[in-house]
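Engineer:
In the working numbering, the protein residues as written are 12 to 419.
(1) Whose C-alpha, out of 71, 167, 115, is nearest the C-alpha of residue 125?
(2) I need the DSSP call for residue 241, collapsed to helix, strand or coil.
(3) With a cut-off of 8 Å on the beta carbons, I'd call residue 309 and residue 354 a contact; round off their distance for me.
(4) Count the CB pairs spanning the segment 98-109 and the segment 172-182 that are closer than 8 Å, and state whether there are at least three.
(5) What whole-angstrom Cβ distance do residue 235 and residue 254 have, given they're in contact under 8 Å?
(6) Is the Cβ-Cβ distance between residue 159 and residue 208 less than 7 Å?
(7) Taking residue 391 as the reference, give the member of 333, 319, 345 with the closest Cα.
(8) Specify the secondary structure class of residue 203 as computed by DSSP and reduced to three states.
(9) According to DSSP, simplified to helix, strand and coil, what is residue 218?
(10) Can you give me the Cβ contacts of residue 214 inside the same chain, cut-off strictly under 7 Å, excluding the 5 residues immediately before and after it?
(11) Taking the straight line between their C-alpha atoms, what separation do you get for residue 414 and residue 247?
(12) Do the segment 320-338 and the segment 370-380 meet, that is, are 3 or more Cβ pairs less than 8 Å apart?
(13) Would you mind stating whether residue 55 and residue 356 have Cβ atoms separated by less than 7 Å?
(14) Near residue 297, which residues of its chain fall below 7 Å by C-beta distance, leaving aside the five closest residues on each side in sequence?
(15) Taking a contact to mean a Cβ-Cβ separation below 7 Å, would you say residue 401 touches residue 387 in this structure?
(16) Return the chain-ordered list of same chain residues with a C-beta closer than 8 Å to the C-beta of residue 102, the five sequence neighbours on each side being excluded.
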């Protein structure tokens, strides 16, 4: 039982902490034990996105980013069907992040494109929803922010986008909120992530708008999660402005994934730049080698690097002498400033590492996620057993993590 004096001490400490950080955005929730308002700090932060890779993460790489926040997702239906709630390696790894000092965001992924939507109120439907509470019991002691969903619309057939998708996610949110209330959990719940909200197709889609309307009308939801994988930097602003017009003023936006993937993909079929070839051919003693005969396109060089990891000097020369890459060398800086100045964005997350299967062709039509990571663990040779950092993004990210201007 908390004494009255101790309650006042807690409130005074909270008041002083908030007073010393006037620039911080806060949101009030009610702590059932103190019966007093408690402020949650919603000041904008950039964190690291591990996606589904938490169990294969190099924790030294993660520590080198100096991040405070980490985001992952888990495959709810896979775990349910396998009966591995107590042994799933991704849950085990995720639950260890708190002991390593990180603040954590967890997305609950329901892959209905893989498993198929069951009929509403069928046995499978009910079992999936019933599984949410034992799953939350396993992860919530180690979770700071929970997101119901990962990419609901991508993970469902288009015919299901409005219904049954919205009915299921509403029910999943309600199960989550009921669990929080029963266990006096005072942590933010978000719904999402919705993708490509810079484009009119999803902006005008009935299913997307139904989900946004539910978020706006539901008081226990702190906001919406979105993903922004785009071409033009201005599309960040377009997506944020669209979402702000659809949610309450007191709600926040998470961006648990963002990148220039579509810009990279638009340039897959471009010719390898003459400047890079000249750099590679100007010396026989450096570690910048010309690509093999027949490797003439950007996507072919990326394929070559994934199959034959390059010296870091060569990979950096490729970026520095390839206009579509070099001209976006300050992308993280630009994105950070857009997110921070928006006023509604709580957390954004950028990819830590490259993920690409071995012995797999990278083609002209491959989505080039491998150009995003802060560490080049697939396309660049290891140095003393360690992955080497990206051309410019890693250094910008470290400055963001330390709340410094990444553009300096």
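Cβ coordinates follow ideal geometry from the N, Cα and C atoms, glycine included.
No experiment lies behind these values; they were computed from the predicted model shown.
Structural biologist: By the coordinates alone:
(1) Checked all of 71, 167, 115; the closest Cα to residue 125 is 167.
(2) Assigned with DSSP and collapsed to three states, residue 241 falls in coil, not helix or strand.
(3) That pair is no contact at about 37 Å.
(4) With a cut-off of 8 Å, the segment 172-182 and the segment 98-109 do not count as touching, because too few Cβ pairs lie within range.
(5) Indeed, because the Cβ distance is near 6 Å, the residues count as touching under 8 Å.
(6) Contact: no.
(7) The candidate whose alpha carbon is nearest that of residue 391 is 319.
(8) Residue state, collapsed to three classes: strand.
(9) Residue 218: helix per DSSP, three-state reduction.
(10) So the qualifying residues of the chain are 208, 253.
(11) Going from the Cα of residue 414 to the Cα of residue 247 covers about 21 Å.
(12) As far as the Cβ criterion goes, the segment 320-338 does not touch the segment 370-380, which means the pair count is below three.
(13) Going by C-beta atoms, residue 55 is nearer than 7 Å to residue 356.
(14) Around residue 297: 324.
(15) Yes, they are a contact pair.
(16) Within the same chain, residue 102 has close Cβ partners 85, 90, 96, 149, 150.
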